[in-house]
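Down below is the structure, laid out as structure tokens.
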Amino acid sequence: MLRTQPLEKSSTSYRSWLIAAMAAALIFRLWVAIKVPGYVNDIKTFMYWADRAYQNGVQQFYEEGVFADYPPGYVYILYVLAAIKSWFSINPDTSGATLLFKLPAIVADLVSSWLIYRFAKTKLNPAAAAGLAMLYVFNPAIWINSAGWGQVDSFFTLFLIMAISSMAGERLERGGIWFALAVLIKPQALIFAPVVLLAYWHKRDWKRALTSVAYGVIAFLVLAAPFFLNNGGLMGVIELYKATLSSYPYATLNAFNLYALTGGNWASLDSNWLLLSYKTWGNIAIVLAVVAAVWFSFKGKPKRNLGISYFIAIVLITIVFLFATKMHERYLFPVILLYVFAYIESQDRRLLHLMMGFSVTHFINVGYVLAFSEAGQHTVTDGIVILCSITNLCLFAYLLYVGYSLYVKNDPKPVPPLTQEELREADRQALKELEPQSTPKGKELQASTSDKSGNKLTRKDWWWMGGITVVYAIVALLNLGSFNSLNTGWKPQQNGQSFYVDLGQTQQLERVNMFGGVGAGKLKLEFGNSPDAWSGGVEVELKIGDDLKWVVQPLNVSARYAKVTVASTGFSLQEMAFYPSGSDQPLPIGDIVYIGSNAAATEDPRFGPVEHLFDEQSSAAYKSTYWNGSYFDEIYHARTAYEFLEDLPVYENTHPPLGKILIAIGIKLFGLSPFGWRIIGTLFGIAMIPLMYIFVLRLFRYRTVFAAAGAILLAADFMHFTQTRIATIDVYAVFFIMLMFYFMYRYYRMNFYLVALRKTLVPLSLAGGVFGIGAASKWIVLYGGAGLAVMLGLSLFDRYKQYAASKRALVSGTGNAEQRETYKRVIQAFPRNTLLTLASCLVTYIAIPAVIYSLSFIPVLNAGDGKYTFEGLVSQQEHMYSYHSELVATHPYSSQWWEWPFMKRPVWYYSGKDLENANDVSSISVFGNPLIWWTGLFAVIGAFYISLKRKDKRMYIVWIAYLSQYLPWMLVPRLTFIYHYFAMVPFMIMAILYMFQTAEEKNPKWRKYLGLYVAAAVVLFIMFYPVLSGLPFSKTYVAHILRWFPSWVLYSG
């Protein structure tokens, strides 16, 4: 929070820092403007208007039949942009043109920031003024509008704030001109007209008020005249504003407000809501906004204080945005700058709290709509809309409370000044860790790290960790999948290719089972008692989704011979088995006879002859189950792993390949079998248990009880069990996420003043290397990369505080000779160690991960007749990004991010058919352990609050890791599932343990409660085991004991 305590630096120093910061903000905005296409419809419209104004002249701009709903003010800017575009022959379809049309708003951002600094300097110290300016210019809610979206709200707000600032400063004449210009740029400026009128009233200088109005009207008419002199005159102007203000007849247009919360997004204004139409409610809201503004204006203390103008403007726009109709997502934008000026005027810290709150919701609102637009979709009323709308309403209630307290009760809450004693205490805490020790080399401070790296696992730890891991491993490997491998196959290459098999004697055939390889196609089955008489033709379609599983084709025919004819190529088969009635054993195959002289020559040489269809009959399965075949996304990931091994063209390339390479290792070792393609992922799941144990052990200062509890809770979590036993890539990503944060925690607890820098770089580099491996497995690891960066920043900031404290200690003469020597070494070490640390990060977090990531694509790009090239590598990334960003699909078991912690909709992976007992079900569903998940979200919130309040830095990594993995999903408009929450589960468990530890500190009985909690989680795991593992079990038990909610689909029938 910004403090008002004067500091020793000069105003010039802070101005220099601000200029540097603004330069960085400009560079960042230019990069965003080029990389983000923005809201294409708006930008293309601006380009069309610009060309029209430049080519036809402004006199012809508002012709009948031409869509143009912006007033003339910004058209002048568009004219200039079109001239520049024409002079430099800029292609309108390039990023350069997009950047050009985003520039005015970007410049307005920077000018607004500078105005904040200039205004704040008159009331605050230079440090606070510069801090406020940087807080604004780097606010994501600001740059996403200008550099991201490409809208002009910042440009409009700049003129608006000049108008209100002039009125607040009693410069009425100037304020009238600025307000007229704001109205000329956007009609939304009329929302703030009461601010101007109330300023006139309180000033009570009617001559100046009339002069102000006259100046404004003249400025408006002079600038509007070129557009309307030959196009309707004054009535043309009035008609333009009437048409603009009456456009978009909807309750709300993606604005996260009351109507979005209650399902009114894009609802017609004439629709009724709570007995009245939306249009009526909107008019009522406008009246209430004016009433509230007038009330605060007249009740405010001291009387006739025009400094309240900023707050009145905030009240107006907030009420209109939340309760009036026809609101767009961006209309709340001016409130952020208004809050900054209101804070400068009043210095009430609660206004900054409100500014930050509305910044978050506005950023999410705009970002969410922009993300949906890039995906070519309309926003839907989902969890993020509901949550943000509720938050906005809560912030509004707090706004009214703050306004009443600050202006009516005259009870401001300023930022408390930082006293000298507080400064000294902060320095003492920073220097406390720097206890001088012996320095053999004279350059490095030798001391134990705050990580207590000297501590080792005790024998008790080994017993607990090993025991939990072994027990979990037994449970995880039990019934994992069949060992029967089907390593040979057949792939035809020509339609009409045919052969027949001799079954030895006439048989009553019940079914033929085919184990799908890869691809899709059709074949025809015919039967007969002699090789020259065929009948009873059955066409079998092998679809995408039949890969690596047994396809059962029912038969009811008596025959000795079976003929197979390829109707449509593109498929491969690993095995085919014929079953007689009343037997679950396949019939032995006699002769296999090709039909046609060149039939054998039409087979894919990478597979082999048709005899491969019948050479592994002992591995054939009578029924198709999860035990002997693929289920859910194994049809993609296990198939791709198989394609890597066989040098086949890769079908699934929507995720990086490393996870599928790991699956391929299992197939290579154990053959093409369910056990083979699942074993590596299951081993990674087993390895998570000791990793969790060690991570929690360090996190909780080597307390075995918490480490054991953490490992057991992870082992008892339903999702961890199910998701690590299926051959998909999530398990690898989550394992590497856990591991990289573990190494980052090791680094974070080290101090390069106390140990050799090279030693601190070991865990830091390992975290970077693991980050690269994880990113090559699944892109969700990149989300965690932001968390790693935050942790690194926090560590270096701590080192900086110790560096700054050391400098102040030397200046003040604090400490004895030995301590002062330590401070000198810290001052010398900080620049060097920081630069070397950051330089190493360029290697270990960028260069090495890039190499790992690039090398992982070798099997993909070299598959078949392909060749690894840089262009091919880039093309793969573009394909993956476009797939995920443009995916438009529905799924009955999909769920939104906000539903995941509450497990509203598990994903039903597998349902067995044709069970021996008709009253049993065999099912696999993925969701979480209710005891863990339903307490976990609140535990994370509690850990966040308590660790910050206590400054318990060891726990920061828990909620930083959790949020870095969770927050990005809030902005993903594509189809999502509950298993996307998997990466958050380990850190959620750590937060639960922290809450138990906090409670135990106050009451030792909570240690016993922790044991009961863990035991209850294990009991739930045992209860739900049948629907997590596919174990056939009573349907009655599943329906009445396990299915707690209708949305939990755990079985069929």
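Under UniProt numbering, the first residue of the sequence shown carries the number 1, and numbering increases by one thereafter. Glycine included, every Cβ here is placed at the ideal spot set by N, Cα and C.
Query                                                                                                                                      : Result
Which of helix, strand or coil DSSP assigns to Asn556                                                                                      : strand
Neighbour-count burial assignment, Asp451, 16 or more Cβ in a 10 Å radius                                                                  : Low confidence applies to Asp451: its pLDDT is 46, below 50, so where it sits in the model is not reliable, and the reading given next is rough at best. It is buried - the Cβ of Asp451 has at least 16 other Cβ atoms within 10 Å.
Residue range of the alpha helix (DSSP H) that includes Val195                                                                             : 193-203
Three-pair Cβ contact test at 8 angstroms for the stretch 862-882 versus the stretch 799-811                                               : no
Selected residue, minimal CA-CA separation from Gly467, among Ile686, Gln574, Ala733, Ala559                                               : Ile686
Element boundaries [alpha helix (DSSP H), containing Arg950]                                                                               : 930-950
Contact under 9 angstroms by Cβ, Ala105 with Asn41                                                                                         : no
Other residues of its chain near Lys660: CB distance less than 6 angstroms, five sequence neighbours each side excluded                    : His637, Thr640, Ala641
When Cys388, Arg350, Asp382 are compared against Ile364, the one with the closest alpha-carbon                                             : Cys388
Cβ neighbours of Arg174 in the same chain (closer than 6 angstroms, five flanking residues each side left out)                             : Ser166
Distance CB(Leu240)-CB(Asp69) smaller than 9 angstroms                                                                                     : yes
For Ile77 and Met984, the rounded distance between their alpha carbons                                                                     : 48 angstroms
Length of the line joining the Cα atoms of Asn305 and Phe298                                                                               : 9 angstroms
Spatial distance of Phe396 from Ile319 (CA atoms)                                                                                          : 8 angstroms
Residues of its chain near Asp348, where Cβ-Cβ distance is below 6 angstroms and the 5 sequence neighbours each way are ignored            : Leu406, Pro412, Lys413
DSSP-derived helix/strand/coil call for Lys522                                                                                             : strand
Given Ile932 as reference, the closest of Ile992, Ser885, Phe982 once Cα atoms are compared                                                : Ile992
Integer Cβ distance of Ile729 from Lys668, believed to fall under 8 angstroms                                                              : Contact doesn't hold; Cβ gap of about 17 angstroms is too wide.
Pick from Phe996, Tyr579, Ala130 that is closest to Glu510, judged by C-alpha positions                                                    : Tyr579
Nearest neighbour of Leu132, chosen from Ile336, Leu269, Ile90, Val195 [CA to CA]                                                          : Ile336
Under the three-state DSSP convention, the category Trp31 falls into                                                                       : helix
Supposed contact pair Val518 and Leu672 - C-beta distance, whole angstroms, cut 8 angstroms                                                : That pair is no contact at about 11 angstroms.
Chain-order list of residues whose beta-carbon lies under 7 angstroms from that of residue 1068 (same chain, five-residue window excluded) : With the chain running from 1 to 1053 in the structure shown, residue 1068 is simply not present.
Of the listed residues Asp461, Gly516, Pro657, Leu477, nearest to Arg701 (C-alpha basis)                                                   : Asp461
Close beta carbons around Phe987, own chain, < 7 angstroms, minus the five adjacent residues each side                                     : Val958, Ala961, Tyr962
Cα-Cα separation, Ile34 to Tyr401                                                                                                          : 42 angstroms
Secondary structure of Gln446, DSSP reduced to three states                                                                                : Summary for Gln446: the model assigns pLDDT 39, below 50, so the residue's position carries little reliability; its value from the coordinates is reported in the next sentence. Residue state, collapsed to three classes: coil.
DSSP-derived helix/strand/coil call for residue 1054                                                                                       : Lying before the first or after the last residue shown, residue 1054 is absent from the chain, which here runs from 1 to 1053.
Distance CB(Val385)-CB(Tyr368) smaller than 9 angstroms                                                                                    : yes
Length of the line joining the Cα atoms of Phe311 and Trp273                                                                               : 30 angstroms
Buried or exposed (CB count within 10 angstroms, at least 16 for buried), Asp270                                                           : exposed
Three CB pairs or more closer than 8 angstroms across the stretch 779-791 and the stretch 731-748                                          : yes
Whole-Å CB distance - Leu523 paired with Val564, under 8 angstroms assumed                                                                 : 6 angstroms
Of the residues Leu1028, Trp1048, Ser1047, Ile1041, the one placed nearest Val475, counting alpha carbons only                             : Leu1028
Contact set for Thr625: own chain, Cβ-Cβ below 6 angstroms, skip 5 residues either direction                                               : Gly912
Beta bridge counterpart(s) of Asp348 as assigned by DSSP                                                                                   : Pro414
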